[in-house]
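Asks: End of the sequence shown = 176 in the numbering used here, gap-free, step of one. Note that CB positions come from ideal geometry on N, CA and C, so glycine has one too. These numbers were taken from a predicted model, which means no experiment stands behind them. After the structure tokens below, expect a handful of questions from me.
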Amino acid sequence: MAELLGPIVVMGVSGAGKSTIGARLAQTLGVDYAEGDDFHPAANVAKMAAGIPLDDTDRAPWLDIIGAWLADRHGRGGVVSCSALKRAYRDRLRAAAPDLFLVYLDVPRTELERRLTTRSGHFMHVQMLDSQLAALEPPTPDEHGLTIDARGDAETVVKEIAEAWSAGAR
Numbered sequence: 007m008a009e010l011l012g013p014i015v016v017m018g019v020s021g022a023g024k025s026t027i028g029a030r031l032a033q034t035l036g037v038d039y040a041e042g043d044d045f046h047p048a049a050n051v052a053k054m055a056a057g058i059p060l061d062d063t064d065r066a067p068w069l070d071i072i073g074a075w076l077a078d079r080h081g082r083g084g085v086v087s088c089s090a091l092k093r094a095y096r097d098r099l100r101a102a103a104p105d106l107f108l109v110y111l112d113v114p115r116t117e118l119e120r121r122l123t124t125r126s127g128h129f130m131h132v133q134m135l136d137s138q139l140a141a142l143e144p145p146t147p148d149e150h151g152l153t154i155d156a157r158g159d160a161e162t163v164v165k166e167i168a169e170a171w172s173a174g175a176r
């Protein structure tokens with residue numbers, strides 16, 4: 007199936023399950039996976055750890071690095087987790103990888119808060135959820151992708167994504 011895929015961006019706010027779903031989706035499809043947070047410059051991580059939201063200037067080099075990773079997977083597929091909160095960010099990624107497919111993990115705020123308060127070892131704090139939700143521009147139908155309710159267990163969500171993809175959701 008991987009030979010049919012353009013690269014996939016698993017997107018959403020912090021706590022939506024991007025890393026878990028992204029890694030499992032890549033494993034299911036037999037393609038490379040990259041954790042988008044790993045591409046953040048140290049200054050971005052420090053800023054977020056201090057509870058300071060990133061701005062567009064902070065995100066630009068990060069998005070360019072992810073875009074290069076996506077472009078390198080043209081024709082062989084790959085999955086990366088990336089918040090991609092705004093249309094402009096997704097357009098920037100799409101400029102590097104025109105065939106990218108977006109998977110937006112939609113999760114209600116109460117569930118996001120629950121997940122973030124029980125998560126340890128991550129630089130993103132629950133206090134920053136408001137800024138992410140305020141910045142979020144959910145994908146529109148013209149953005150080549152899928153919006154999925156990600157409240158279920160990871161295996162079910164991954165199965166639904168893989169089925170939608172193989173059924174031609176692209």
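To the nearest whole angstrom, what separates the beta carbons of Val86 and Gly28, a pair I think is in contact under 8 angstroms?
Replies: For the purposes of this step, residue 86 is taken as the residue at position 80 of the sequence shown. For the purposes of this step, residue 28 is taken as the residue at position 22 of the sequence shown. That pair is a contact at about 7 angstroms.
Asks: Considering only their Cβ atoms, is the gap separating Ile72 from Leu111 smaller than 8 angstroms?
Replies: Taking the first residue of the sequence shown as 1, we reach residue 111 at position 105. Taking the first residue of the sequence shown as 1, we reach residue 72 at position 66. Result no, Cβ atoms of Leu111 and Ile72 do not sit closer than 8 angstroms.
Asks: Assuming Glu117 is part of the alpha helix (DSSP H), what are its boundary residues?
Replies: As a working note, residue 117 is residue 111 in the sequence shown. Start and end: Arg115 to Thr124.
Asks: Nearest CA to the CA of Gln138: which residue from Arg30, Pro67 and Asp62?
Replies: As a working mapping, residue 138 is identified with position 132 in the sequence shown. Gln138 has its Cα closest to that of Asp62, out of Arg30, Pro67 and Asp62.
Asks: Nearest-angstrom Cα distance between Arg120 and Ala40?
Replies: The residue labelled residue 120 in the question sits at position 114 within the sequence shown. The residue labelled residue 40 in the question sits at position 34 within the sequence shown. Their Cα atoms are separated by approximately 25 angstroms.
Asks: Check whether the Cβ atoms of Pro145 and Leu106 lie closer than 8 angstroms to each other.
Replies: The sequence position of residue 145 within the sequence shown is 139, counting from 1. The sequence position of residue 106 within the sequence shown is 100, counting from 1. In this structure, Leu106 does not lie closer than 8 angstroms to Pro145 by Cβ.
Asks: Work out the CA separation of His150 and Ala170 for me, nearest whole Å.
Replies: For the purposes of this step, residue 170 is identified with residue 164 of the sequence shown, where counting begins at 1. For the purposes of this step, residue 150 is identified with residue 144 of the sequence shown, where counting begins at 1. About 12 angstroms.
Asks: Just how far apart, CA to CA, sit Ala49 and Gly81?
Replies: Numbered from its first residue, the sequence shown carries residue 49 at position 43. Numbered from its first residue, the sequence shown carries residue 81 at position 75. The straight-line gap from Cα to Cα measures roughly 33 angstroms.
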